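**Q**
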Amino acid sequence: LNIHIETRLLEREGQAVTNFSEQLPAPGSDLARQALKDPYVFDFLGVGQEANEREIETALVQHISRFLLELGAGFAYVGRQVHIEVGGDDFFLDLLFYHLKLRCYVVIELKAGAFKPEHAGQLGFYLTAVDAQFKAEHDAPTIGLLLCKTKNRVVAEYALRDSNRPIGVAEYQLVEALPAELQTSLPTIEQIERELGQHSEGEAESAD
Numbered sequence: 042l043n044i045h046i047e048t049r050l051l052e053r054e055g056q057a058v059t060n061f062s063e064q065l066p067a068p069g070s071d072l073a074r075q076a077l078k079d080p081y082v083f084d085f086l087g088v089g090q091e092a093n094e095r096e097i098e099t100a101l102v103q104h105i106s107r108f109l110l111e112l113g114a115g116f117a118y119v120g121r122q123v124h125i126e127v128g129g130d131d132f133f134l135d136l137l138f139y140h141l142k143l144r145c146y147v148v149i150e151l152k153a154g155a156f157k158p159e160h161a162g163q164l165g166f167y168l169t170a171v172d173a174q175f176k177a178e179h180d181a182p183t184i185g186l187l188l189c190k191t192k193n194r195v196v197a198e199y200a201l202r203d204s205n206r207p208i209g210v211a212e213y214q215l216v217e218a219l220p221a222e223l224q225t226s227l228p229t230i231e232q233i234e235r236e237l238g239q240h241s242e243g244e245a246e247s248a249d
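Residues 42 to 249 (the working numbering) make up the sequence shown, in order.
1) Alpha carbon to alpha carbon, what distance is there between Val88 and Glu96?
2) According to DSSP, is Val210 part of a helix, a strand, or is it coil?
3) Could you pull out every unbroken beta strand (DSSP E) segment of at least 3 residues lying fully inside the stretch 109 to 156, listed in chain order?
4) What do you get for Gly250, buried or exposed, if any count of 16 or more other CB atoms within 10 angstroms of its CB means buried?
5) At which residues does the beta strand (DSSP E) containing Gly89 begin and terminate?
6) What number of angstroms, rounded off, separates the C-alpha of Asp180 from the C-alpha of Leu186?
7) How big is the Cα-Cα spacing for Ala100 and Lys192?
8) Measuring only the C-alpha atoms, how far is Ser226 from Tyr213?
9) Return the CA-CA distance between Thr183 and Arg206, expressed in angstroms with no decimal places.
10) On the DSSP bridge list, what partners appear for Ala191?
11) Whose C-beta lies closer than 8 Å to the C-beta of Val147 among residues of the same chain, with five residues either side of it excluded?
12) Which word fits Ile149, buried or exposed, when buried means at least 16 other C-beta atoms lie within 10 angstroms of its C-beta?
13) What does DSSP give as the partner residues of Leu186 in its beta bridges?
14) To which residues does DSSP link Glu178 through a beta bridge?
15) Kindly indicate which residue of Val82, Val195, Ala153 has the alpha-carbon position closest to the one of Glu94.
16) Count the other CB atoms, across all protein chains shown, that sit within 10 Å of the CB of Pro158; report buried if there are 16 or more and exposed otherwise.
17) By the three-class DSSP mapping on this structure, what secondary structure does Val14 have?
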């Protein structure tokens, strides 16, 4: 089991779709890419597959220690629904972190559906605002991470080509997929229902 967990971690590290190589100087671009995963596994939240963005966000903050472990080394939690004001208008960042190794802020936006190109534009706007209002002189440019329920990798790559802000796109899983060898050894829903049906029929006959 430990080997499986370690393997899954290695498989996920550095797999998010990003434009870091174009938008960040080396070697920071490589370090930033390795800091992101795909997918992120949030099986510790205890929420259903149909949970909305706010429900997932609330659960992540309630389980912040586990969330930080899943994000990986270097992430420090700053806040949720962080308020920023731009031109008199109010905006709120889902989750804001600071990465101690990369020396930059990281804005995480949650999307309870599929990735859409306009998500990158919205997040890019937030990154510009954080750079203007939070970033210190010694800080590196703020990085954005879009966590979506699903994504089309090609669509994400195209969307990030036109963005001049460093953004990564990754999926999240509320339930971790089982290894293939375990999937084949476990009964399907249909098999369980069939067994339950046979059991009920047997009890009915005994009662007669």
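C-beta: ideal position from N, C-alpha, C; glycine also. Here the structure is a predicted model, which means the values were calculated and not measured.
**A** So, from the data block:
1) Going from the Cα of Glu96 to the Cα of Val88 covers about 8 Å.
2) strand
3) With a minimum length of 3 residues, the continuous beta strand (DSSP E) runs that stay inside the stretch 109 to 156 are 116 to 127, 130 to 140, 145 to 155.
4) Residue 250 falls outside the range modelled here, since the chain spans only 42 to 249, and no answer is possible.
5) That residue, Gly89, is in no beta strand (DSSP E); it is neither H nor E in DSSP.
6) 18 Å
7) About 22 Å.
8) Low per-residue confidence applies at Ser226: pLDDT is 49, beneath 50, and the placement is therefore not dependable, though the value from the model is reported in the following sentence. Between Ser226 and Tyr213, the C-alpha separation is close to 25 Å.
9) 8 Å
10) The question names Ala, but residue 191 is Thr in the sequence shown. DSSP output for Thr191 lists Ala155 as bridge partner(s).
11) Cβ within range, chain order: Phe116, Leu137, Phe138, Tyr139, His140, Thr183, Ile184, Gly185, Leu186.
12) buried
13) Ile149, Gly209
14) According to DSSP, which records beta bridges pairwise, Glu178 is partnered with nothing at all.
15) Ala153
16) exposed
17) Residue 14 cannot be examined here, being either before or after the span of the chain that is shown, 42 to 249.
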